[in-house]
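Trainee: Let me begin by handing over the structure; questions about it come next.
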Amino acid sequence: MQVESFQYDNKTVRNFAIATIIWGVVGMTVGLWIALQLVFPTVLNLQPYFNFGRLRPLHTNAVIFAFVGNGIFMGVYYSLQRLLKTRMFNDTLSKIHFWGWQLIIVAAAITLPLGITTSKEYAELEWPIDIAITIIWVIFGFNMFATIIKRRERHLYVAVWFYIATFVTVAVLHLVNSFELPISLFKSYSWYAGVQDALVQWWYGHNAVAFFLTTPYLGLMYYFMPKAANRPVFSYKLSIIHFWALIFLYIWAGPHHLLYTALPNWAQSIGIVFSFMLIFPSWGGMINGLLTLRGAWDKVREDVILKFMVVAVTAYGMSTFEGPMLSLKSINAVAHFTDWIIAHVHIGGLGWNGMLTFGILYWLIPRIYKTELYSKKLANIHFWLATLGILFYAIPMYWAAFQQASMWKQFTESGQLKYQFLETVTYMRPFYAMRSLGGVLYLSGAIIAMVNIFKTIGQGTLVANEDAQAPALEKAYTKHTGEHWHRWIERRPTPFLILSLVVILIGGIVEIVPTFLVKSNIPTIASVKPYTPLELQGRDIYVREGCYTCHSQMIRPFRSETERYGEYSKAGEFVYDHPFQWGSKRTGPDLAREGAGNLKKSNAWHFNHMDEPSAISTGSVMPSYSFLIDHELDTATTPLKINAMITLGVPYDKGFAQIANQDLMVQAKLLTADLKKDGIEVGPNKEIVALIAYLQRLGTDISKK
Amino acid sequence: MSVIVLLIAVSVLVAGGFLVAFLWSVKSGQMDDDYTPSIRMLFDDEIKDVKKSPTKNNN
């Protein structure tokens, strides 16, 4: 067999590695900042661009897509070439992939503080960036598959399977969830409404965790852990079972994010069953990773890279134990909307993704620079800072969450709610402070890592093109040489028919579903009416400011919630909500019935509260939104928005778009006149007026008879 | 709730795609050897300096 010589591309790997560490530090810094905002709300919220609601999506997007994203590509470009014994298919594609991805990150970093957001968690980026993501992702996939095709190693190592699953599934998730109707360059409405939008979003949201934060990193684990330990994975058979079981189960687990919500019960149950089953492949994978070190634990004592990896895999095991547990209804009833979930995702993020990324960086950078790591001591310090950081982060958050949940649910002997919501907020403050300390530790570790890695880079020289040799792939394997692949199918009419059907189905789904969706948006509750133009504009401000990052709009059917917030939420109430605003976290109280029943406040209260929340509610951690008093509402968009809503099936009268602004002004003037009674002078054309109108509308529909 | 039709259809398509990939991998012998690949991946790197042919086991 002819041995062929070729070269591995290390430059792209290096680029992604540097991007990983830089964006990692940036993303974690934003995380620390927003953590501290909850401790020092008045000092650290710099409105409007750097308020919590705008920065929190920046943090999540930065650590997921910039830090972990670049980490994935770094690891994939390194390991794929070596596993397949070939250079990446095309250097230009690699380069476009790298720079395209960085541009997307920069675009995110600019647009999110500007309030340009779809408000769908981890999919906040607006439609032009969504399109850019699609293009770059396809380039990555093409480059990867073309590399797989020209491989010199017949067998696809299990890591490659994980990469393939990542590419395919993320592509599908992104496309389905980003179905939106643009009304301008920077604003679009989700095609789905209310409960449907929520289901699509969390089908996406959960699978983003599964196929962006988990499967690619499992691929990396199966490559870099054996490499770092220089011993084969404990059981290759188990890794194969791990892979297939995991990908077949993961995609159905999404509804566990919507337990006890207005989502139909049967859909919730599917989510629970699959989420629970996930513990088996996940733990199989964890055990496989840890047992790879069987008989080599003495190495772990000395080798800092292995230490990072052991903590990473342990954190994977903890998160994937916690995940199925949190999916059980009885546990979810306590944990949902609390900081428990924040602790849970940080065990995954800081522990699994973070520690594995740093382990890989420390292993890979010296190799492609043909040098030693600059300082093992610094890496050890980093390891302890990071490990302690995770503990200091998670333990206060778990503790806080138990307290938070119990305080929300506690009744006095006479059957009254024992605590005001605000009391639970002020109770959380020391825990938020301790959590920030964990963040400081973890971040300082990451900065030390950055220094260490740049010093390592400085003392070595990059082997941009690494020489390698491997025998060519034997061609004998293909059975029908000279035949086109579709000959096979042509000889088999039945499978051909089925395949054609599948192809047609895809087309059909894409075409039929939108209209289908619009029709199903007909309300089942007659008193639920579309938003007025002013309320719609106000709602878009609510979306822009990221209010959903702290306020839910979903009252679950528990007495502790119905007592506090009013009648539990019904699916029919959300039929005009493009996008839905159920939220996933209650740093502040639920707002689903903010304008109704006992919760109803005066317009003046809302005005003063937006101006300076802590002046109205002492101890509130909400940022000031006083800029809304000065900002003028952009009413030029009103007709566009109404028309877009009509396209999406919201039953406004024909021609309403033309008179929408008149309607808006009438309502705005009524509202400002009411404010004037309380001595507040504000123009009807200000954003605050629209936002108050929206808040006053919340939950009022079903109390109308 | 009609969107669940879309989600199930898409999920089934993805799962179906994986099923095809799984059947292909089994039929084409990807899973026949469940030991060597784990060893082989350890041996493919350090061929740079010395003129040593890669330790490529046949399977």
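Chains V and X supply the protein sequences, listed in that same order. When you line the first sequence up against the numbering used here, it's residues 1 to 705, in that order. When you line the second sequence up against the numbering used here, it's residues 1001 to 1059, in that order. Ideal Cβ positions, reconstructed from N, Cα and C, are used throughout, including at glycine.
1) Put X/L1006 into one of helix, strand or coil per three-state DSSP.
2) Restricting to Cα atoms, I'd like to know which of V/G588, V/T387, V/A405 is closest to V/A333.
3) Determine whether the Cβ of X/L1023 lies closer than 9 angstroms to any Cβ atom of chain V.
4) At 4 residues or longer, what runs of the alpha helix (DSSP H) sit wholly inside the stretch 187-274 of chain V?
5) Can you list, in chain order, the residues of its chain with a C-beta nearer than 8 angstroms to that of V/I347? Leave out the 5 residues immediately preceding and following it.
6) At least one CB of chain X closer than 9 angstroms to the CB of V/V13: is that the case?
7) Counting along the chain, where does the beta strand (DSSP E) carrying V/Q7 start and finish?
8) So which residues of chain V does X/V1026 contact, with C-beta pairs closer than 8 angstroms?
9) Quick one, which of V/T215, V/Q469, V/Q553, V/A62 has its alpha-carbon nearest V/V25's?
10) V/A476: buried (16+ other C-beta within 10 angstroms of its C-beta) or exposed?
11) Among V/T147, V/E573, V/F142, V/M221, which one has its Cα closest to the Cα of V/G359?
12) How would you label V/N380, buried or exposed, when you count the other beta carbons within 10 angstroms and need 16 or more for buried?
13) List, in chain order, every chain C residue whose beta-carbon is nearer than 8 angstroms to that of V/T169.
14) Run down chain X in chain order and give the residues with a C-beta less than 7 angstroms from the C-beta of V/V233.
15) Mapping DSSP to helix, strand and coil, what is V/V304?
16) Along the beta strand (DSSP E) that carries V/S184, what are the first and last residues, could you check?
17) Would you list the residues sitting across from V/E632 in a DSSP beta bridge?
18) Since V/E711 sits in a beta bridge, which residues does DSSP pair it with?
19) Between V/A208 and the rest of its own chain, which residues show a CB-CB distance below 8 angstroms, the 5 nearest in sequence each way excluded?
20) Taking only three categories from DSSP, how would you classify V/E466?
21) Do you know offhand how far V/G554's Cα is from V/F656's?
22) What residues in its chain sit with their C-beta under 7 angstroms from that of V/Q102, if we drop five residues either side in the sequence?
23) Whose CA, out of V/S602, V/H256, V/I279, V/L648, lies closest to the CA of V/D577?
24) Report all residues from its chain with a CB closer than 7 angstroms to the CB of V/A343; omit the five preceding and five following residues, and keep chain order.
25) Specify whether the stretch 1025-1034 of chain X and the stretch 562-580 of chain V touch according to this definition: at least 3 beta carbon pairs, one from each stretch, less than 8 angstroms apart.
26) Nearest chain X C-beta to V/I148 closer than 9 angstroms, yes or no?
27) List the DSSP bridge partners of V/P471.
28) Does the Cβ of V/I116 lie closer than 8 angstroms to at least one heavy atom of the ligand SAH?
29) For chain X, find out if any of its Cβ atoms is closer than 9 angstroms to the Cβ of V/A315; answer yes or no.
30) If you check the beta carbons only, do V/G71 and V/V160 fall under 9 angstroms apart?
31) Using DSSP bridges, identify the partner residues of V/F73.
32) Grab the span of the alpha helix (DSSP H) containing V/V168 for me, first residue to last.
33) Look at V/R82 and V/Y163 and say whether their C-beta atoms are less than 9 angstroms apart.
34) Could you please tell me which residues of the stretch 238-268 of chain V, in chain order, have their CB closer than 7 angstroms to any CB of chain X?
35) Of all Cβ atoms in chain X, is any one closer than 9 angstroms to the Cβ of V/K299?
36) Quick one: using the 10 Å Cβ neighbour count with 16 as the cut-off for buried, is V/K676 buried or exposed?
Mentor: To lay it out plainly:
1) helix
2) V/A405
3) no
4) 194-208, 215-229, 236-250
5) A315, M318, S319, E322, I390, A394
6) no
7) 3-9
8) Chain V residues near X/V1026: none, gap ~10 angstroms exceeds 8 angstroms.
9) V/A62
10) Since pLDDT at V/A476 reaches only 49, below the 50 mark, its modelled position is unreliable, and no value is offered.
11) V/M221
12) exposed
13) Included in the structure are the protein chains V and X, with no chain C among them.
14) S1038
15) helix
16) 180-184
17) V/K686
18) Given a span of 1 to 705 for chain V in the structure shown, any question on residue 711 of chain V remains unanswerable.
19) I64, Y122, A123, V170, L173
20) strand
21) Here residue 554 of chain V is Met; the residue named in the question, Gly, does not match the sequence. Taking the straight line from one Cα to the other gives about 30 angstroms.
22) A19
23) V/L648
24) A394, M397, Y398, A401
25) no
26) no
27) V/V3
28) Of the ligands one can find in the structure shown there are none, so the ligand SAH has no counterpart to examine.
29) no
30) no
31) Per DSSP, none; premise fails for V/F73.
32) 158-177
33) no
34) I240, W244, I247, F248, I251, W252, P264, A267
35) no
36) exposed
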